[in-house]
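Q: Residue numbers (full-length UniProt numbering), protein chains in the order written: chain C, 1 to 575; chain H, 1 to 575.
In this text, a Cβ means the ideal position worked out from N, Cα and C, and glycines have one as well.
All figures in this text were calculated on a predicted structure; none of them were measured in a lab.
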C-alpha cells in the first residue's frame, strides 16, 4: 500500500519497505508485512548460520544451499515486486582469517546467484567491515559483470566524523586522524567497480546526523534506499514515534529524490494497545477489514506516511518537467539546423519573456523619441532571429503602448519560419510596417541603420545560438547611439555531483559524448559550491578588442564541513 | 476512424489514408477526408507548379516557398498524426536536362525541410523515372543523414515483367531484355542509401499483379504503405467496387504485416447516390451526425474496411507473441549461465511437450520390461538436465501409467534449480525413488548404468544447450541396449529476407552482433526457398567416428518466378 497519493508523484519513494529476520516461511513473512501496510520486505534469502566450509555434503556428493524458501513458494511476480534480498551480514571479504574470507566469497556468490534465480529486483550488500574494502569490491565488481538486471545496494551508515583535529595530525598520531566518513568508503568501493550503474547505496539513518553540507553531497550519488531504524525515532508527548526536525527535513528530501524508505528494528515506543487502532497523525483510513493483529512497526510506518502526505503536491510545472528530470538532451543547434515548428511552438509559450521584451521595447521607444516628436519621428527596429514572429508582435504592441511610430525589419535565416512570418504579417495586415528579410543576420546588407536591435539569441557554452557572436555581427547596422535589447547578460558555472548523468554519458563509451554540453533539467544532483559568474557581455560592444576566444580561471570553494566529494561535471546557467 | 476493431491488433494497418491533390486550404482538406472516414491524408505540401529557377525574388532579395498552408493553420498534432507529405511528382534527379535536375534537387531538399519543420511522420518520394536512379538515391541518402525522425517512403509500382525471352538475350537485343522489376530499382536505391532504416516503400498496387512468389519476396522488405488506385478495383454485380480474389488475399497479407492502405484516384464506380448512405458490406454504422455530403471515395474505403473486419481476430497465442515479433532475443546459454526461475516457469508451461515425453517414457518402459516381470524388475531412468523437475514428474507418471517400477537419477548442474528439485521431491514424498545429483552430466561418475536416458537439451546452432555434445558425454552411463529419449532429431535451414532484423543487428555497428545467432519470432520476413535438413543426430550414437566439427553444403533453389531477392540471413529450426 503506497504511503499516499501525491498528485503527479509516480516515483518509487511512495513505497515503503520493512527489514525482516530470516524465516523459512516466506509466504507468512510477506502476507504479514504487506497486510501491515508495507510494500516490500528486505529479507535474508539464506540461513545466516550457513558456512560453506562447515556444510556436510550428501551421500552423492552434492550439498544444497539452505535457502529461506524454494522459488515455487512465492509467485515470480511476488519475488520480483515485494522482496529485496538481504545478503548474509556476517560475510567479510577483507578479513585476516582466510577461512572466513573464502566462506564469505563463496556465500556472496551463491546468494546473489540464488537471488538472480528468483529475479528479485535488488539485493542489499552488508556494509564493508572497518578498514579496507578492496577484496569485497573486487568480488562485487566481478559479480556485476555477469548480472542481468538486478541492482546491488551497498549498505552504509549515514555518518561522518566531525572535523579532524589538526594538532593530532601534526603529532603524527594516525589513529586519531582516522576519518570516519562513509563517503570515502563508498567512493573507494564504487571506483573499484568502475561506477557500475547497477551498484547503488542504501543508507542506515542513525539518530545523529552529520552536517547539512555533508548530507547534501549525497544527493548526486546513486542512493536507492534509506533505512530508518526504530531507535532513530524520538518519542512525542503522547508516546508516539516521531523524527527530529532535521530528520524530517532529510526524509522529505529523500522523498523528492525518489529514495525508498525502509523501516528497521523492533517496536521501541510503547503505545497503549487500544490506541494502535486509531493512530492520530495519519489521514488515511484503514480499509476496515484486514490487519487484525496489527503490525508492531505500524506506528513508524504511519508516521512516515504522514510526513509523505504532508508534502505539497507537485506543481503543474513540475509534473510537466518530471519526465525530463536528469535526462540528457542534445543541445539545440539553431544556427546549424533549422528549428522545427514544434520547437517554435514551445518557445512561444513563454508569455512572461515576451511581455518583458514588450516592456523593454516600450521603454526604449519612449527614451529615444520625445512626446512632441511622436507623430513625426519613426524609429527603426530590427528583430534579428525573428523566428515565427513573437518579437515582431511584441515590438508592434510596444509601439502601440508607447504611442510611437515604428518600422520593423524582421531578419530570419530559417526559410521555413519565414513562411509563417509572411503569413502572419499578411493575416495581421502589417505589410506597411514590417519587412521580412530572409537572410542570415551576419550577411545582411541593411538598407539603413537601426535605432533598436531586438534579439533572443541567448545560448549557452554548448549550443550554437552564438550570442554574442551573431549579435556582434549584427551590431554594424545599429546606430552608434542605438539600443540593443538585451543589453547585457552573464554566464555562470557550478560544480556538481551527478552519478546518473555521468553513467548515461559514460554508456556511450566515447570521448565525444563526454565532451558534449548537454541540456538537462537537473534533479538528483549535489551542487557542491555556489555558482560563479564567468563571462558578461554588453551590446552594443564598443570596446576596440574584439574576438571570440575567451577563457577564465575560477576557484570553487567547497564548504569545509562537506567532506570529500566527486565532481562529475560543471553546470552552466545564464541570466 | 480506424477500419475496425480487430481483437489484439494495435498495428498501423488499422488506419487507412487517402491521396489528395494540392490545395491551399489544408484545414478543409483534412476535415473533409477525416469526416469521410479516412485516418490521414497523403497531400502535396508545396504548389506543384513551383520551380526554383523560375521563382521571382522579392524586393529584399528573398523568396518564399509556395507552401500549401502555413504551419499554424493546423495544430502540431494534426500535422504529425493526420498528414503524410507528398513530394512533388515532377522532380527528376537523373534527367539529362541539367536545369530540371537542379530544380529537382533544390525542390526535394526544400520540401523535405518544410515537412521536417511541420514534423509530419513521413513523406512520399515520387518513383524514380525509368532508367538510372543514382543521383536521386545519392541526394536522398544525403537528406537521410540529417533527418530527425521522419520516414521517407519511396513510391514504387508493384510490378514485375514476365520472364525474359532467352532468345532475345542471345540475339543481343538489349531493349527486349530490359527487366521491368520494381525490386531491382528498389534494391539499387536502398543499397545507395546503405539500408537506411528511415527509408521504406509505398506501393502502387495496379490492376494486374505479378506472380505470387514475386509478391512474397517483398514481405521481408520495409514496406510501409500500399496505395490502391480506384482503377485497381473491379465492379460487382450491384455496381459496387470490389477486388479480385488475388488482390483480396494480398490486402489481407498487408494487414497482417502492418502495411497501411491508402486509397487513390477518383470515383470510377457509379453507384446510385441514394445507395451511398446504406452501403451494404460494412458493419460499422456511422456516428449519425457528420459527413453530410459524403466522400466520393467512401465505397472504396468501406470495401477495404469490410475486408479488414472479415479477418479472424488474433488468437490468444498471437496476442501473447505480438510483442516478440521480429524482436532479437539473445540466445539462452544454459550451459554457461544458470537459467532463472522465471525461465523455468515459462518452459514448464509447455504441457504438450511433457505429456509427449510421458507417453514416450511409458512406451519405453513397456518395451523393456514384460508384464510378468513388472513387479520384480526395476528400470533405471536418468533425467539429465532435470531443471526444476518436469521430466522427473513425467517419468514417475509414466511408470505409474505403465505399471512398472523405476528408480530415477535427476542430474542437474544448476545449484539453484537443485534447491527446487529437492523441495519438490520432499513435498511429493519421492525420496525413495528419486536421487538428486547436483553435478554436470559430463563429469558425473554414475554408480550404475541407465536403462533409459531422458533429456530435453535440444538447442540450436547458436545457443549452448549443446545437444548432441552433452548427451554424447552422458551416453557412457547408458546400458548398451538402453534407450535415449529423444532418440533422434534434425536441424533445418532456410534463407530469408528480413530488413527489420538486418537493420536491428546492423545498428550495433560491429561484427560480433552480425555473427550472433538470435532467437526470433519471425513475422515480417520472406522465406525464399523451402527449408532443408542439415544435421540429424541419433542417441545413443554407436558410430565409431565421433567429433564435434560438422559442416555441410546446401544449395537452395529460389522459385524461378520470384525474381531477384536479398538474403539477409538464414533461419534455423529443429524437429
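Less than 8 Å between the CB atoms is what I'm expecting for residue 421/C and residue 473/C, so what's the real figure, rounded?
A: No, residue 421/C and residue 473/C are not in contact; Cβ-Cβ is about 21 Å, not under 8 Å.
Q: What residues in its chain sit with their C-beta under 6 Å from that of residue 413/C, if we drop five residues either side in the sequence?
A: Correct list, in chain order: 440.
Q: My parser needs the alpha helix (DSSP H) runs of 4 or more residues fully inside the stretch 501-538 of chain H; what are they?
A: The qualifying runs are 511-514.
Q: Can you pull the DSSP bridge partners for residue 412/C?
A: Residue 412/C pairs with 438/C.
Q: Could you give the residue range of the beta strand (DSSP E) that holds residue 153/H?
A: It spans 151-157 - the beta strand (DSSP E) in which residue 153/H sits, taken as one unbroken run.
Q: Counting only runs of 4+ residues fully inside the stretch 183-236 of chain C, write out the alpha helix (DSSP H) ranges in chain order.
A: Whole alpha helix (DSSP H) segments, 4+ residues: 212-216.
Q: Work out the CA separation of residue 542/C and residue 190/C for me, nearest whole Å.
A: Residue 190/C and residue 542/C: Cα-Cα distance of roughly 52 Å.
Q: If you follow the beta strand (DSSP E) that residue 390/H is in, where does it begin and where does it stop?
A: First-last for residue 390/H: 390-402, but that is the alpha helix (DSSP H), not the beta strand (DSSP E).
Q: Are there 16 or more other CB atoms within 10 angstroms of the CB of residue 107/C, so buried, or fewer, so exposed?
A: Classification of residue 107/C: buried, given that the 10 Å Cβ count is 16 or more.
Q: Is residue 220/C buried or exposed, if buried means 16 or more other CB atoms sit within 10 Å of its CB?
A: The residue in question, residue 220/C, is buried, as its Cβ has 16 or more Cβ neighbours within 10 Å.
Q: Just by C-beta distance, which residues in the stretch 344-366 of chain H are closer than 9 Å to chain C?
A: Flagged, chain order: 344, 345.
Q: Run through the DSSP bridge pairs and tell me what residue 181/H is partnered with.
A: Paired residue(s): 160/H.
Q: Name the one or two DSSP bridge partners that residue 333/C has.
A: None; residue 333/C has no bridge partner.
Q: Grouping DSSP H, G and I as helix and E and B as strand, with all else coil, what is residue 56/C?
A: Coil, per DSSP.
Q: Taking 8 Å as the CB-CB limit, is residue 28/H close to chain C?
A: So, not an interface residue.
Q: Residue 125/H and residue 140/H look like a contact to me (Cβ under 8 Å); what is the Cβ gap, rounded to whole Å?
A: Indeed they touch by this definition, with Cβ atoms about 7 Å apart.
Q: Within its chain, find whatever has a CB closer than 6 Å to the CB of residue 385/C; leave out the 5 residues flanking it on each side and keep chain order.
A: Excluding positions up to five away in sequence, the list reads 455, 457.
Q: With distance defined between alpha-carbon atoms, name the residue in 564/H, 529/H, 468/H, 237/H nearest to residue 574/H.
A: Residue 468/H is the option with its Cα nearest to residue 574/H.
Q: Mind checking which residues open and close the beta strand (DSSP E) that includes residue 570/C?
A: Counting along the chain, the beta strand (DSSP E) containing residue 570/C begins and ends at 569-574.
Q: Among residues of its own chain, excluding the 5 on either side of residue 270/H, which ones have a beta-carbon nearer than 8 Å to its beta-carbon?
A: So the qualifying residues of the chain are 239.
Q: Would you tell me roughly how many angstroms separate the C-alpha atoms of residue 409/H and residue 424/H, rounded to the nearest one?
A: Roughly 14 Å separates the two Cα atoms.
Q: Show which residues of chain H have a CB atom less than 7 Å away from the CB atom of residue 181/C.
A: Those within 7 Å of residue 181/C in chain H number zero; the least Cβ separation is about 38 Å.
Q: On the CB-based measure, 16 or more other CB atoms within 10 Å of its CB, does residue 488/H come out buried or exposed?
A: Classification for residue 488/H: exposed.
Q: Taking just the CA atoms, how far does residue 71/H sit from residue 146/H?
A: Each residue's Cα considered, the two are about 21 Å apart.
Q: What residues in its chain sit with their C-beta under 7 Å from that of residue 148/H, if we drop five residues either side in the sequence?
A: Hits under 7 Å: 116.
Q: With a threshold of 6 Å on Cβ separation, who are the neighbours of residue 209/C within its own chain once the five nearest residues in sequence on each side are excluded?
A: So the qualifying residues of the chain are 246.
Q: Which residue from 119/C, 407/C, 50/C puts its Cα closest to that of residue 91/C?
A: Of 119/C, 407/C, 50/C, the residue nearest in Cα terms is 50/C.
Q: Using a Cβ-Cβ cut-off of less than 7 Å, list which residues of the stretch 401-425 of chain C approach chain H; keep chain order.
A: Answer in chain order: 415, 416, 418, 419, 420, 422, 423.
Q: Should residue 341/C be flagged as near chain H, meaning a C-beta pair shorter than 8 Å?
A: It does: the Cβ of residue 341/C has a partner Cβ on chain H nearer than 8 Å.
Q: Between the stretch 16-29 of chain C and the stretch 319-329 of chain C, do three or more beta carbon pairs fall short of 8 Å?
A: Result no; under three Cβ-Cβ pairs closer than 8 Å.
Q: In chain order, what residues of the same chain lie with their CB nearer than 8 Å to the CB of residue 232/C, ignoring the 5 residues before and after it?
A: The residues are 205, 206, 207, 243, 247.
Q: Using a Cβ-Cβ distance cut-off of 8 Å, determine whether residue 513/C contacts chain H.
A: Output row for residue 513/C: interface = no.
Q: Roughly how many angstroms separate the alpha carbons of residue 518/C and residue 564/H, rounded to a whole number?
A: About 47 Å.
Q: Flag residue 71/C as yes if its beta-carbon sits less than 8 Å from any beta-carbon of chain H, otherwise no.
A: For residue 71/C, the answer is yes, since a Cβ of chain H falls inside 8 Å of its Cβ.
Q: Chain H beta carbons: is any one of them nearer than 8 Å to that of residue 67/C?
A: So yes, residue 67/C belongs to the interface.
Q: In chain C, what lies closer than 7 Å to residue 116/H by C-beta?
A: Per Cβ cutoff of 7 Å: 340.
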